[in-house]
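Residue numbers (our numbering): 2 to 851. The block underneath contains the structure these notes are about, expressed in structure tokens.
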């Protein structure tokens, strides 16, 4: 957002709004802007670029003796320029090729030694006196382009000033000392009023704690002009009031299209807008003045768009299928289906809030016009702009959410300017298609008044401002504030769309008073260390344990393709589907982590890794989990692990199930948990269990509790086939919170290791095929727990399970490691213990010791 300090000075003095915006100099003001208003990107000494440019009068203009298109002119500069050759009358000779140069014309003269203003930002060009086709020329008469005021290079700029010859151009047009301050737009995203000179002028007074008074015409109930010429009927139909809550328009007859006054061209050029003609320039001027975009249509061209029509019709609607429009920039587009379009009965004539159409533009032949001042939905404008790559000054303002309460004020003011300076006559009543809430119009403020206390403000800012002091800060920027003891009732002015809740008022007070006044005190805090997050600690511990065991952690997307769910045997209807997926591959929240891990097994096998273990800790979601107390889908913290080996490597590794079970038991042991494994009687049917073959899987619980951790097992044949898994593949899915809960119930246990040597012996038991490993393990472990010698420590680990092909029996080998805290045990004692174990196993399960 660019703002000229001299423009603000003119506004302040013309309307009696305030004084000099920079009483302590530009540097001080820029510092205040950066601290209290917005980041300053650049400070441009705009007035300095016209140094040396003088107002001059062409006193004679004769043809060049040796060039048909050149003129030898004598100009009167009042004797101001030094070091130039003059004739007997004190006039200076300048050769000029402009077709509009003539005697009596006031011009901008660049004498020798001055720099062409338009070249200052690139490669400065310094003029000199030199002969053109044999005739001496001292400097040049400047065109708008050479002055950097416009793009017109077809002729010299015709000045409209009464300033005497020799007056500096900057002085004649109030450019002396002018500075343009360029502020970052993002700072004003919530402040549409600050995209206008009035808004910035008001804020500059506010941050300097001085009162500002808006111009009398800038109000919600302006004096509207009445008809004063033959009627130019206008019909407005708004078919999408939810996107266009207010659309105001008026017609004017007999306007004179001509170049804008020089001051107006300068006002636009210094903030980066190209002058076109007086009507278009007035619409742009009041846009930068108030922040409210406007648009002018050629009335007769609008009528001509409807065959046989006798009056103009404007329809606000969405585009129809296949409709196209030629825009003012020469680009033809087919608008997106939800775009806000301006049309006649038959044809599109503009993209609402973005850009007008080329078929109804105001040009040098225009006589009658329609002026539109409307409010468009900011989000719709933003989407349309992005969809078609149209980024205009109007879009910049409309997509910030302009106040609809300022439309009539802006329409009334520009109508008055066109009547006075472009010969226009009002030819219709003001049409105000208004769909705003009645209470908004009645209170003259976008949002209801805000009630809050002095204490509420000071507690949040760390200030100690009195209620009256707070009220004064807000009144300086034209808030309506009532103070009752320590309480305040605050009503924002009609142009403020951002004051809706008490915290908005707090922010406003802090900004106006200055956040640099915040007390420089360190916040008080307790020295008690922050408590650790148990879940994060548990996850970190799990990562460390599994990494030490040789597993590799993966991190995959929580969103998956529906195909991945199908490959894992999971039904997509049980998963949450994303309506705004990042890509087609990320359509669903995953219900378990295992499918994501299985998807990585084959690529790793193919890459040459013939044996590996993968695991992941992450959240899962599913409709079966239900919702939390806020009504949002529950997030379940899960741990999944997969062991896999190539077919060649698997020949010497046994059964994958036991490898996965070993990792799970190792992990549980580090948390002090003793696990139990129970077979599934039937397919559980839950999404998390779907990848597993329930006949080759087990339900995992914690011994001595009712906590079920999850399951461990091998995968269904169809799942293995879909993921191209090797024959050796198994894994588990367990809940991290369940591990944490079980560990909390078990408590922290410490068992001292014996200082006497341990004795290790194996016991091999032959059992029938139908006897499960788990039943045999529980039998052996239970007998050891109850019959081992006192004051001993022991562990029982599996060695192998062996079954000859075709036999109905299998052999299971366990290794007992036992040590005493009091003495060294003998082999005979351990053998006797194992004999007792074998006897118990024989009695309970028919086991024979080998």
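C-beta atoms are modelled at their ideal positions from N, C-alpha and C, and glycine is treated no differently.
From residue i to residue j, what distance separates their C-alpha atoms?
i: residue 592; j: residue 676; result: 25 Å
i: residue 226; j: residue 234; result: 16 Å
i: residue 505; j: residue 31; result: 24 Å
i: residue 393; j: residue 257; result: 26 Å
i: residue 88; j: residue 140; result: 16 Å
i: residue 672; j: residue 707; result: 17 Å
i: residue 238; j: residue 358; result: 18 Å
i: residue 312; j: residue 330; result: 27 Å
i: residue 116; j: residue 480; result: 47 Å
i: residue 433; j: residue 340; result: 22 Å
i: residue 693; j: residue 662; result: 14 Å
i: residue 554; j: residue 544; result: 8 Å
i: residue 38; j: residue 188; result: 8 Å
i: residue 3; j: residue 177; result: 18 Å
i: residue 781; j: residue 688; result: 35 Å
i: residue 437; j: residue 247; result: 7 Å
i: residue 779; j: residue 798; result: 12 Å
i: residue 701; j: residue 643; result: 16 Å
i: residue 118; j: residue 49; result: 9 Å
i: residue 72; j: residue 96; result: 6 Å
i: residue 396; j: residue 467; result: 41 Å
i: residue 297; j: residue 310; result: 20 Å
i: residue 158; j: residue 342; result: 38 Å
i: residue 535; j: residue 381; result: 46 Å
i: residue 254; j: residue 424; result: 9 Å
According to DSSP, residue i sits in a beta bridge with which residue or residues?
i: residue 717; result: Beta-bridge pairing links residue 717 to no other residue.
i: residue 801; result: 814
i: residue 343; result: 317, 351
i: residue 821; result: 793
i: residue 373; result: 250, 296
i: residue 18; result: Note: residue 18 sits in no beta bridge, so no partner.
i: residue 762; result: 817
i: residue 356; result: 352
i: residue 3; result: 183
i: residue 699; result: 680, 713
i: residue 169; result: 55
i: residue 542; result: DSSP, once it has assigned bridges, lists no residue as partnering residue 542.
On the CB-based measure, 16 or more other CB atoms within 10 Å of its CB, does residue i come out buried or exposed?
i: residue 485; result: exposed
i: residue 100; result: exposed
i: residue 223; result: buried
i: residue 528; result: exposed
i: residue 104; result: exposed
i: residue 306; result: buried
i: residue 36; result: exposed
i: residue 1; result: Nothing about residue 1 can be read from this structure; the chain reaches only from 2 to 851.
i: residue 678; result: buried
i: residue 209; result: buried
i: residue 729; result: buried
i: residue 667; result: exposed
i: residue 617; result: buried
i: residue 516; result: exposed
i: residue 584; result: exposed
i: residue 851; result: exposed
i: residue 604; result: exposed
i: residue 800; result: exposed
My parser needs the beta strand (DSSP E) runs of 3 or more residues fully inside the region 24-100; what are they?
As far as the region 24-100 is concerned, its whole beta strand (DSSP E) runs of at least 3 residues are 41-45, 55-65, 68-77, 93-97.
Flag this pair as touching only if the region 618-627 and the region 575-594 have three or more C-beta atom pairs under 8 Å; answer yes or no.
Enough Cβ pairs lie closer than 8 Å, so yes.
The region 494-511 touching the region 448-464, judged by at least three CB pairs closer than 8 Å:
The answer is yes - the region 448-464 touches the region 494-511, with three or more Cβ pairs under 8 Å.
Which runs of the beta strand (DSSP E), 3 residues or longer, sit entirely within the region 576-626?
Runs found: 612-621.
Can you list the alpha helix (DSSP H) stretches of 4 or more residues lying completely in the region 94-160, in chain order?
With a minimum length of 4 residues, the unbroken runs of alpha helix (DSSP H) contained wholly in the region 94-160 fall at 145-148.
Please go through the region 625-683 and give each complete alpha helix (DSSP H) segment of 4 or more residues, from N-terminal end onward.
Listed in chain order, they are 648-651, 657-671.
Please specify which runs of the alpha helix (DSSP H), each continuous and at least 4 residues long, are wholly inside the region 187-248, giving them in chain order.
Within the region 187-248, the alpha helix (DSSP H) runs of at least 4 residues that lie entirely inside it are, in chain order, 198-208.
Taking only runs of the beta strand (DSSP E) that begin and end inside the region 427-507, which ones reach a length of at least 3 residues, in chain order?
When DSSP assignments are scanned along the region 427-507, the uninterrupted stretches of beta strand (DSSP E) that are 3 or more residues long and fall wholly within it turn out to be 432-435, 451-454, 481-485, 488-492.
Examine the Cβ distances between the region 766-776 and the region 554-563 and report whether three or more of them are shorter than 8 Å.
They do not touch, by the three-pair rule.
Does the region 269-289 come close enough to the region 400-409 that 3 or more CB-CB pairs lie under 8 Å?
In short, these stretches do not touch, since the Cβ pair count stays below three.
Tell me the start and end of each unbroken alpha helix (DSSP H) in the region 545-569 that is at least 4 residues and wholly inside, in chain order.
For the region 545-569, whole alpha helix (DSSP H) runs of length 4 or above, ordered along the chain, are 563-568.
Would you check if there are 3 or more beta carbon pairs closer than 8 Å linking the region 214-223 to the region 413-427?
They touch, by the three-pair rule.
Does the count of Cβ pairs from the region 459-466 and the region 359-373 closer than 8 Å reach three?
Short answer: they don't touch.
Could you tell me whether the region 345-358 touches the region 279-299, where touching means 3 or more Cβ pairs closer than 8 Å?
Touching, per the Cβ criterion.
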